[in-house]
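*Asks:* In the numbering used here, the protein residues as written are 520 to 839. The C-beta atom is built at its ideal place from N, Cα and C for all residues, glycine as well.
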Ligand code: 4AZ
């Protein structure tokens, strides 16, 4: 057992049971797997390489390694985006804002010395369905600013500039990161942050994701991504974390780790929440994230004050 490859005992929060877990395909040993493989077949990264990544931790557990339950992404100093299934389940009370905290700017969990940010409100999508994992998205409003620093704590862009009907296209490379399970067969949670390069497999119009039964994969709200050659994938504990795509130099949030049958099973790719489908909801809950926020439309459209058919300023100039 190495420092960054420790078995994590238990998990405090609503533990996500991805639909289909326990079905065929869950335990699928990848032939080339080595003991030191990361995420699933990813690599250790420094938080400065994915500075939008944060950990969702339990307020009641002081050790960050044991406290970590999910990933999430920084959208702004006050807003974090994660998965609804991290906080809502069919058979347990919803997680309260006071039960969780955010850990930003950290690469290695459990080293001590980190500082946490409290959460004021958990806003799970009202249409999140625990039985299908559809609409698996939640905003976390922070109780205090996360303290952006330009290196290890930086927001990721939302895809406001992208065409939702075509972006991201099939074969777009993407990076998934997190502190989730590194083994397809047992529970081996890393202390160090891991990342893997995967490919978006389905354009928004593609209805089939791997061998998932029709209906389980919902193309309007979900995105399918995987790396089939060596079998790179997100896994349990990565949930809520980012699937990031670089668009002309800007890292953009394409997906949120949501579910899958097992991990790195070539038949069953990772399924992510399709972020482009939730931009209006995000804007309605967190208006300051809207790129147009602050534009005073009223002011722009305001007619000049007119007296006797002449603008007031002209009258003033003329009578000076
Ligand atoms: C989970 O349990 C989970 N392989 C997340 C992602 C994937 C599988 C399971 C994708 O939260």
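According to DSSP, is residue 800 part of a helix, a strand, or is it coil?
*Replies:* helix
*Asks:* Which term fits residue 603, buried or exposed, when burial requires 16 or more other beta carbons within 10 angstroms of its beta carbon?
*Replies:* buried
*Asks:* Of the choices 573, 722, 570 and 747, whose alpha-carbon is the least far from that of residue 682?
*Replies:* 722
*Asks:* Roughly how many whole angstroms lie between the Cα atoms of residue 628 and residue 582?
*Replies:* 8 Å
*Asks:* Output the distance between the C-alpha atoms of residue 690 and residue 727, rounded to the nearest integer angstrom.
*Replies:* 15 Å
*Asks:* Specify, as a first and last residue, the run of the alpha helix (DSSP H) that residue 583 falls within.
*Replies:* 583 to 586
*Asks:* What is the DSSP secondary structure of residue 739, counted as helix, strand or coil?
*Replies:* coil
*Asks:* Secondary structure at residue 601, three-state DSSP: helix, strand or coil?
*Replies:* strand
*Asks:* Between which two residues does the beta strand (DSSP E) containing residue 845 stretch?
*Replies:* The structure shown does not extend to residue 845, since the chain is modelled only from 520 through 839, so no value can be given for it.
*Asks:* Take residue 759 as the anchor and find which of 791, 584 and 611 has the nearest alpha-carbon.
*Replies:* 791
*Asks:* Starting from the C-beta of residue 856, find all residues in its chain whose C-beta is less than 7 Å away, skip the five residues before and the five after it, and write them out in chain order.
*Replies:* What the structure shows of the chain is the stretch from 520 to 839, and residue 856 is not part of that stretch, so it cannot be assessed.
*Asks:* Once DSSP output is grouped into helix, strand and coil, what is the label at residue 775?
*Replies:* Judged by DSSP in its simplified three-state form, residue 775 adopts strand.
*Asks:* Report, in whole angstroms, the separation of the C-beta atoms of residue 687 and residue 773, which I expect to be a contact under 8 Å.
*Replies:* 5 Å
*Asks:* Can you name the residues that DSSP bridges to residue 770?
*Replies:* 765
*Asks:* Is it true that the CB of residue 788 sits closer than 8 Å to the CB of residue 720?
*Replies:* yes
*Asks:* Is residue 752 near the ligand NAP, judged by its Cβ being under 7 Å from some heavy atom?
*Replies:* Looking for the ligand NAP in the displayed structure turns up nothing; the ligands present are the ligand 4AZ.
*Asks:* Buried or exposed: which applies to residue 654, given that a residue is buried once 16 or more other Cβ atoms fall within 10 Å of its Cβ?
*Replies:* buried
*Asks:* Can you give me the C-alpha to C-alpha distance between residue 734 and residue 697, rounded to a whole angstrom?
*Replies:* 28 Å
*Asks:* What three-state label does DSSP hand residue 794 in the structure shown?
*Replies:* Residue state for residue 794 is assigned as helix, using DSSP reduced to three classes.
*Asks:* Does DSSP put residue 558 in a helix, in a strand, or in coil?
*Replies:* coil
*Asks:* Is the Cβ-Cβ distance between residue 770 and residue 641 less than 8 Å?
*Replies:* no
*Asks:* Label residue 612 either buried or exposed according to how many other C-beta atoms from any shown protein chain fall within 10 Å of its C-beta, with 16 as the threshold for buried.
*Replies:* Exposed, since its Cβ has fewer than 16 Cβ neighbours within 10 Å.
*Asks:* Can you give me the C-alpha to C-alpha distance between residue 752 and residue 746, rounded to a whole angstrom?
*Replies:* 7 Å
*Asks:* For residue 742, which residues in the same chain have their Cβ closer than 6 Å to its Cβ, ignoring the five residues on either side in sequence?
*Replies:* 774, 791 and 793
*Asks:* Given a cut-off of 8 Å on the beta-carbon distance, is the pair residue 568 and residue 592 in contact?
*Replies:* no
*Asks:* If you scan the region 637 to 696 from start to end, which runs of the beta strand (DSSP E) of 3 or more residues do you find wholly inside it?
*Replies:* Within the region 637 to 696, complete beta strand (DSSP E) segments of at least 3 residues are found at 657 to 661, given in chain order.
*Asks:* According to DSSP, is residue 608 helix, strand or coil?
*Replies:* coil
*Asks:* Since residue 623 is in the beta strand (DSSP E), which residue starts that stretch and which ends it?
*Replies:* According to the DSSP assignment, residue 623 belongs to the beta strand (DSSP E) that extends over 619 to 623.
*Asks:* Comparing the CB of residue 728 with every heavy atom of the ligand 4AZ, is any distance shorter than 7 Å?
*Replies:* no
*Asks:* Residue 464: buried (16+ other C-beta within 10 angstroms of its C-beta) or exposed?
*Replies:* The structure shown does not extend to residue 464, since the chain is modelled only from 520 through 839, so no value can be given for it.
*Asks:* Does the distance between the C-beta of residue 719 and the nearest non-hydrogen atom of the ligand 4AZ fall short of 7 Å?
*Replies:* The ligand 4AZ has no heavy atom closer than 7 Å to the beta-carbon of residue 719.
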